[in-house]
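J.: Residue numbers (my numbering), protein chains in the order written: chain A, 243 to 629; chain B, 273 to 496.
We put the CB at the ideal spot given by N, CA and C, even for glycine.
Keep in mind the model is a prediction, meaning the values are calculated, not measured.
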Amino acid sequence: MVRFENITKKYNNVAVVNNLNLEIKEGELVTLIGPSGCGKTTSLKMVNRLIDPTSGTIYVNGEDIMRQDPVQLRRGIGYVIQQIGLFPNMTIAQNVAVVSKLQGWNKEKQIARVKELLEMVGMDPASYMARYPKELSGGQQQRIGVLRALAANPKIILMDEPFGALDPITRDQLQGELKKLQAQLRKTIIFVTHDMDEALKLADRIVLMRDGEIVQTASPDEILRNPADKFVASFLGKDRLLRSPDAVKVEEVMISDPVTIEYNRGLAEALERMRMRHVDGLMVVDDLEHLVGVLSVKNLQADLKKGGTIEKYIVPHPAAVKTGQTVREAVHLMAQYNVGYLPVIDEDNKLRGLMTRSSLVDILTDVMWPGLDAPHELLPATEKEVV
Amino acid sequence: MPDRISIFAKVYTFIASDPAQFITVLQEHLLYLVLIPVSLAILVAVPLGILATRYKWIEKIALGVTSMLQTIPSLALLALMIVMGLGIGYKPAITALFLYSLLPILRNTFIGIRNVDPALKEAATGMGMTNMQRLRMVELPLAFSVIMAGIRTATVTCIGTGTLAAYVGAGGLGVFIVRGLQLFRNYMLIAGAVPAAVMALTADFLLGKLEYALIPRGLKNDNQ
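(1) Curious, which full-length alpha helix (DSSP H) runs of at least 4 residues does the segment 444–484 of chain B contain?
(2) Looking at the strands, I want to know which residues DSSP matches up with A/Ile334.
(3) Using the Cβ count rule (16 or more neighbours within 10 Å means buried), how would you classify A/Val629?
(4) Is it right to say A/Leu530 is buried, meaning 16 or more other beta carbons lie within 10 angstroms of its own, or is it exposed?
(5) Leaving out the 5 sequence neighbours to the left and right, which residues in its chain are closer than 6 Å to B/Asp476 when beta-carbon positions are compared?
(6) Under 8 Å, Cβ to Cβ, is there at least one residue of chain B near A/Thr502?
(7) Whose C-alpha, out of B/Ile383, B/Lys363, B/Leu312, is nearest the C-alpha of B/Ala324?
(8) Are the segment 396–404 of chain B and the segment 305–322 of chain A in contact at 8 Å, needing three or more beta carbon pairs?
(9) Just mark A/Asp402 as buried or exposed, buried being the case when its beta carbon has 16 or more other beta carbons within 10 Å.
(10) Does the segment 293–303 of chain A come into contact with the segment 249–260 of chain A, if we say contact requires no fewer than three beta-carbon pairs (one atom in each stretch) closer than 8 Å?
(11) With three or more beta-carbon pairs closer than 8 Å as the criterion, would you say the segment 405–423 of chain B touches the segment 290–298 of chain B?
(12) In the DSSP assignment, find the beta strand (DSSP E) that holds A/Gly454 and state where it starts and stops.
(13) Residues in the segment 386–399 of chain B with C-beta within 7 Å of chain A's C-beta atoms, listed in sequence order?
(14) Using alpha carbons as the reference points, say which of A/Glu350, A/Lys540, A/Gln415, A/Ile456 lies closest to A/Glu265.
(15) Can you look up A/Glu493 in the DSSP assignment and give me helix, strand or coil?
(16) Check B/Val310 in the structure and name its three-state DSSP category.
(17) For A/Ile353 and A/Leu359, I'd like the C-alpha separation in whole angstroms.
(18) What do you reckon, are the CB atoms on B/Ala348 and B/Val440 nearer than 8 Å?
(19) Among all the DSSP beta bridges, which residues are the ones paired with A/Arg447?
(20) Kindly indicate if chain B contains any beta-carbon less than 8 Å away from that of A/Lys376.
(21) Leaving out the 5 sequence neighbours to the left and right, which residues in its chain are closer than 7 Å to B/Leu305 when beta-carbon positions are compared?
(22) What number of angstroms, rounded off, separates the C-alpha of A/His520 from the C-alpha of A/His532?
(23) Along the segment 398–429 of chain B, where does the CB come closer than 8 Å to a CB of chain A? Name the residues.
(24) Rounded to a whole number of angstroms, what is the C-alpha to C-alpha distance between A/Arg452 and A/Asn290?
(25) Quick one: does A/Pro469 have its CB under 8 Å from some CB of chain B?
(26) Of the residues A/Asn580, A/Gln345, A/Ile275, which one's Cα is nearest the Cα of A/Thr459?
(27) Run through the DSSP bridge pairs and tell me what A/Gly402 is partnered with.
(28) Relative to the C-alpha of A/Asn331, which residue among B/Arg408, B/His301, B/Gly422 is closest?
(29) Counting Cβ pairs, one atom from each stretch, are 3 or more of them under 8 Å apart for the segment 335–344 of chain A and the segment 408–428 of chain A?
(30) Name, going along the chain, the residues of the segment 298–317 of chain A whose beta-carbon falls closer than 9 Å to a beta-carbon of chain B.
(31) Does A/Leu484 have its Cβ less than 8 Å from a Cβ in chain B?
(32) A/Phe329 versus chain B: which residues are under 9 Å apart at the beta carbon?
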C-alpha cells in the first residue's frame, strides 16, 4: 500500500532520514517510533509530500508519488496532526466535510457523511454539527480531527502524534476508540508517536527508528520479547521488559544491597544488625564477599544470651541463582526448594544480591498496573522473608 | 466663560448660515479624502500583503517602500504630488492619502496571514487544499480582524491627514480649518476640526461593528 524505497532526506547535507526501506501493507497500522530527531515525522510527511525526499522513491498504491499531483495525492490520504488543526472559523460540520467538499461532493452527501461519522464516535450530530471547535474540549476536538481525516474515505491515514497533547485519561480513551474504529474500518494507518505504551497498544507493527534509520521492525509482542539491541531495550524501558519473565535477568529485579555479615563476627553484632535493618536473617559472606551461608534469627534464639561468634549457627543456603539467569528460572528454584528467597551469586560465588518473593510481586504488580512504581520504601521490611 | 459660550454659538451660526456648504465639505472629505484613497489602498495593499507572505522579495520591497512613504511628512507628501505633475485639486490629495494608507493595510495583511498558526496551514495543505483554497478558506478568514485593524488605522489617518488636503485645493473639512487659521477666526477652525474628529471616531466605531458582524462566530470573543 505504501512503500519506501531507499528514501533519504537531507537538510544542509545532514541526513535526517537515511536510506529508509519500509513496506506497509493494506489495512495495517504501523507506528513509527523513536526519540525526537529520529526522522519519524519527516518520513511520515514524505508520504503526502509535505516534504519531498532528497533521493529514493515512495510508492502509494504502487504508484510513484512524485509523478502525482500533490494536491490530488493529499486528498486521497487522511491527515491528523498533534496540534489538532481544526479550522476555528468553520463549524464542526464544515471542518469534518472539508476534504469531501474539496473533492466536490454535493452538499447532501457531505452532511450525510458528517452525521454518520459523528454517530460512529457517539457524538450527537444535532448538538455538535453547528458548534465551533473552541466550544469543544481537547479530546472532542481531536475526535473531530480523526473524523475529518476519515471523511472522504481515504484508504491511507497519516497520524502525527495525534494524541500527544491530550491528558492521559483522554489519550487512553481516544486510543481505545481508534483501536475500535480500526478494527471496523481496516485503514492503512501510519502513526507517529514517541510513546511506547501507545505504540504497543495500537500497532500491528512497530518501526523503531534512530538517527534516520530503522533499528527494528516487529510486532509489539516480538519487540518486547526480542529487542534488537540495547537501544531498543532502553527505549522500551526496563519496566516493560519485566513483563516477560523469560527476558528479565534476576539482577534486574533483585535487591542489590542485601544485609550481610562476615562469618567471624559476634552474635551480638549479628542481632544488632538484624534489629537495625528490620530483617530476621543475614547473608553470611567471607572477607572476599563469597557467599558462605545464611544466618537466621530462629537458630540464634536459644543461645541469645551466650557470647561468641556466629560461625556455628551458619546454615548452608539451600539454593542460589547465578547472575544472568532469568526470573523464570529463579521462580522454578524457589518452588523446587520451597524457599522464599534466593541469594544471587556470580561465577566466583560472590554474593551480588537477593531475590525474594517480594521482588516477584513487583514484577506481577508491573504486569497488572503498568507504570506503578515498586514500593521501594517497603523493601527492608520484606527482607524478613529470609528465614 | 461667556467667551467660550459665544464661540460655540458662533460655530453654530457659521454652520447654520450655510448648511449646504457644510454638507459639501463633509461629503468631499468623506468621498475624496477617505473612501476613494482607502478603497484604492485596500485593492492594492491586501493582494500585495498576501503576495508578500508568499515571496520574500515582494515582502522586502513592498514593506520597505511603504514604510519609507510613511516617513514623509504629510504636508510634504502633498506638496510633492503637485511637484510631480498631478496639479492641484483632488488628484494629488487622493494620491498622497492612498500612499499613506498603503502601509497599515499592507503590514496588517502580511502580519495577519503570516501569524496564522502554522499547524493550521499545514493541516490545510496536508488535506489537499490548493494555495488559493488555503488562502480563501483558512488564512484570510483567520487574518480578517488583523486586516480590518489596518483598514481602521488607515481610515482614521486619512480623516485626520485629509484636513491638510485643503492646502492643495482638494476641499474637505480642512477648508474651514485653513481659512479659520488665515483669518484668525477660531469658530471657523472649530467648525472644521471638531466634525473631523467626530468623523474619525464614528468611522472607527462603525468599522469595528462591521468587523464584528463579518467575522465567523467561531472566532468571536464572547466577551465582546
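T.: In this structure, then:
(1) 446–454
(2) DSSP, once it has assigned bridges, lists no residue as partnering A/Ile334.
(3) With a pLDDT of only 37 at A/Val629, under 50, the local geometry of the prediction cannot be trusted, and no value is derived from it.
(4) exposed
(5) Arg424, Val428
(6) no
(7) B/Ile383
(8) yes
(9) buried
(10) yes
(11) no
(12) It is not in any beta strand (DSSP E) - A/Gly454 carries neither H nor E in the DSSP assignment.
(13) Ala391, Leu392, Glu394, Ala395, Thr397, Gly398, Met399
(14) A/Ile456
(15) helix
(16) helix
(17) 10 Å
(18) no
(19) A/Val272
(20) yes
(21) Ala365, Leu369, Cys430, Gly434, Ala437, Ala442, Gly444
(22) 23 Å
(23) Gly398, Met399, Gly400, Met401, Thr402, Gln405, Met409, Val410, Pro413, Leu414
(24) 22 Å
(25) no
(26) A/Ile275
(27) This sequence places Asp at residue 402 of chain A; Gly is not what is there. Note: A/Asp402 sits in a beta bridge opposite A/Ile323, A/Val434.
(28) B/Arg408
(29) no
(30) Pro312, Val313, Gln314, Leu315, Arg316, Arg317
(31) The predicted position of A/Leu484 is uncertain, since its pLDDT is 49 and thus under 50; no value can be drawn from it.
(32) Leu392, Ala395, Ala396, Met409, Val410, Pro413, Leu414, Gly490
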